[in-house]
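Q: Here the first sequence is numbered in our numbering, starting from 86 and rising by one per residue.
Cβ atoms here follow ideal geometry from the backbone N, Cα and C, with glycine treated the same way.
The structure under discussion is supplied below as structure tokens; questions concerning it will follow.
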Amino acid sequence: MLDMKYIRENLDETERSLRTRGGESYLGGFRDLDERRRTLLKEGETLKALRNTVSDEIGRTKDKSLVQDKIVEMREVSQKIKGLDEELNQVDDQLNSFLLTVPNIPHATTPVGISENDNVLVRSWGEPVTLPFKAMAHWDLGEDLGILDFERGAKITGARFTLYRGAGARLERALINFMLDLHGDAHGYQEVLPPFMVNRDSMQGTGQLPKFEDDLFKLVDPDFFMIPTAEVPVTNIHRGEILKKSDLPISYCAYTPCFRREAGSYGKDTRGLIRQHQFNKVELVKFVHPSESDAALETLTGHAEKILQLLKLPYRVMALCSGDIGFSAAKTYDLEVWLPGQSCYREISSCSTFGDFQARRASIRFREDEKAKPEFVHTLNGSGLAVGRTLVAILENYQQEDGSVLIPEVLRPYMGGMERISRL
RNA sequence: GGAGAGAUGGCCGAGUAGGUCGAAGGCGCUCGCCUGCUAAGCGAGUAUACUGGGAAACCGGUAUCCAGGGUUCGAAUCCCUGUCUCUCCGCCA
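See the structure below:
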């Protein structure tokens, strides 16, 4: 959520920045609502002040017969107040739901552009593997090796659900442990294991609601949602809190499954593990002092990259353009891993800074010093990494001509020493 | 799922025949004084949001005693609904 006062004072400039995202108009109607609100507020508060002083007088007067006329008068005032309050509530609701649908202002360094074609290559690591034989796609490899069972997954639940078996299941678990260990031990993140369902307030705090309810799996009876990413429960750990400056930066890493409707992506990536309704992810989340957030995005992205480097998977880093960044993000780097089976780079991590956008929605603050007013922290997060897609990348990059798949060395201790997955 | 208890300021904790309660008291914290030994004492201060004025320091208004409604001239205090926490019973990984 953007700061109402900031919008009020920088309306044109804000509108201009927002339009680099590609929409037509973002702030139309704001000025009228805002002015209406302040007028109502002033009127109501003046009457309330009157009522307070007169009621005080009434209270002080022992002989109530002396103040009958005032009681009658105040009865009317109260009626008026009630009317004004009702109208104010409506305007407040309108203004609020309006503000909740306005996306974040792109960071000054976010490249301006319309679509993913305008994303900017920042750097690349490793050479895209060219295999001396015809590379297989991971879905064929996985089925041949008996470690991915797409048919059973579809039977148990439906399309975009997969059953992992044997070494496949273990490899997924190995990756989760490897990632958590690295981020926890080497990168200084505290591991957390949050709830996988969250309430409406949490979804609103990180920006999934109210705008993107269709992308979420929703429970019917308690008004809960399955998390689409650990970003939601983990960022909301500190919702409504005022942190100490000395607590910052706070760094969490979390493994969770993620649940996404993938509405609107029918027919896209229908084969294999790339786009599932349920997938595993290790997420990195940071709460930082505003002055640190730019640097924090770089280090956080580096932490995600480290996983790919240790797994020796070639990748590149893309700076997303203004038209491609998410609703809540100010700036985003995508990590894209090379997939020989498909001869292309595919997103495997997305690292973003949100500035104070989420912190304002979720009211996460800190004090510069004991007496200072609370200020909003900055929040960041990034996948470190999407586990299913990492498994895909391993299968495709480490495949051998005989159909077996070598296990990256760093994962072998997590696989009971196994060096290779072969056909049974 | 059944029965009961409770939710007050950073923390603890008063406050139920409605008014003088933004809220006693204690702790913690900040500043000052005193004192000279790792302490005690004394004094002052110590919530948040919105809003008006001011260049600013700051001053004023309104709201907030879990949340949302209601009664009333007036509610932390009365009524209704919801949420959460705790205890007991049942069930259960």
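With DSSP run on the structure shown, which of helix, strand or coil describes residue 244?
A: coil
Q: Taking C-alpha atoms, which residue in 437, 254 and 479 lies nearest to residue 423?
A: 479
Q: Is residue 323 near the ligand MN, judged by its Cβ being under 7 Å from some heavy atom?
A: Among the components of this structure there are no ligands whatsoever, and the ligand MN is therefore not found.
Q: Are the region 363-378 and the region 404-414 touching by the rule of at least three beta carbon pairs closer than 8 Å?
A: no
Q: I need the boundaries of the beta strand (DSSP E) containing residue 146, first residue and last residue.
A: No beta strand (DSSP E) holds residue 146; DSSP gives it neither H nor E.
Q: Roughly how far, in whole angstroms, is the beta-carbon of residue 345 from the beta-carbon of residue 300, given that I think they are within contact range, below 8 Å?
A: 6 Å
Q: Could you check whether residue 105 and residue 207 sit closer than 8 Å to each other, using their CB atoms as the reference points?
A: no
Q: Count the other CB atoms, across all protein chains shown, that sit within 10 Å of the CB of residue 349; report buried if there are 16 or more and exposed otherwise.
A: exposed
Q: Buried or exposed for residue 446, going by 16 or more other Cβ atoms inside 10 Å?
A: buried
Q: Quick one: what's residue 108 bridged to in DSSP?
A: DSSP lists no partner for residue 108.
Q: Name the DSSP beta bridge partners of residue 437, please?
A: 417 and 466
Q: With a Cβ-Cβ cutoff of 8 Å, do residue 465 and residue 382 count as a contact?
A: yes
Q: Comparing C-alpha positions only, which one of 145, 187 and 135 sits nearest to residue 109?
A: 187
Q: From residue 165 to residue 134, what distance separates their C-alpha atoms?
A: Linking residue 165 to residue 134 through their CA atoms gives a straight-line distance of about 13 Å.
Q: Using the C-alpha atoms, what's the distance from residue 441 back to residue 450?
A: The alpha-carbon atoms of residue 450 and residue 441 are separated by roughly 9 Å.
Q: Expressed to the nearest angstrom, what Euclidean distance is found between the alpha-carbon atoms of residue 268 and residue 492?
A: 21 Å
Q: Between residue 103 and the rest of its own chain, which residues show a CB-CB distance below 6 Å, the 5 nearest in sequence each way excluded?
A: 111
Q: For residue 270, does the three-state DSSP call read helix, strand or coil?
A: helix
Q: Given a cut-off of 8 Å, decide if residue 328 and residue 558 are closer than it, judged by their beta-carbon atoms.
A: Because the chain here runs from 86 to 509, residue 558 falls outside it and cannot be looked at.
Q: Is the CB-CB distance between residue 355 and residue 192 below 8 Å?
A: no
Q: Express the C-alpha separation of residue 317 and residue 291 in angstroms, rounding to a whole number.
A: One C-alpha to the other measures close to 6 Å.
Q: Residue 169 and residue 201 - do their beta-carbons sit closer together than 8 Å?
A: No, these two residues do not count as a Cβ contact at 8 Å.
Q: Let me make sure I understand the geometry here. Which of 213, 138, 142 and 121 has the alpha-carbon closest to that of residue 173?
A: 121
Q: Under 8 Å, do residue 454 and residue 434 count as touching if we go by C-beta distance?
A: It is not a contact, given that the beta carbons lie outside the stated cut-off.
Q: Taking the alpha carbon of residue 313 as the reference point, which residue from 250, 227, 347 and 305 has its own alpha carbon closest?
A: 347
Q: Helix, strand or coil for residue 355? Go by DSSP, reduced to three states.
A: coil
Q: According to DSSP, is residue 91 helix, strand or coil?
A: helix
Q: Tell me whether residue 337 is buried or exposed, calling it buried when 16 or more other Cβ atoms sit within 10 Å of its Cβ.
A: buried
Q: Please classify residue 213: does DSSP put it in a helix, a strand, or coil?
A: coil
Q: Below 7 Å CB to CB, which residues in the same chain sit around residue 107 once its five sequence neighbours on both sides are set aside?
A: 199 and 408
Q: By the 10 Å Cβ neighbour count, where 16 or more other Cβ atoms means buried, how is residue 298 classified, buried or exposed?
A: exposed
Q: Quick check: what's the CA-CA separation for residue 124 versus residue 179?
A: For residue 124 and residue 179, the distance between alpha carbons rounds to 15 Å.
Q: Exposed or buried, what is residue 321 when buried is set at 16 or more other beta-carbons lying within 10 Å of its beta-carbon?
A: Answer is buried; the Cβ neighbour count reaches 16.
Q: Let me make sure I understand the geometry here. Which of 432, 452 and 460 has the alpha-carbon closest to that of residue 474?
A: For residue 474, the closest alpha carbon among the candidates 432, 452 and 460 is that of 432.
Q: Identify, in the order they occur along the chain, each residue of the same chain with its Cβ nearer than 6 Å to the Cβ of residue 477, setting aside the five sequence neighbours on each side.
A: 223 and 358
Q: Let me check one thing: in DSSP terms, what residues is residue 365 bridge-paired to?
A: 342
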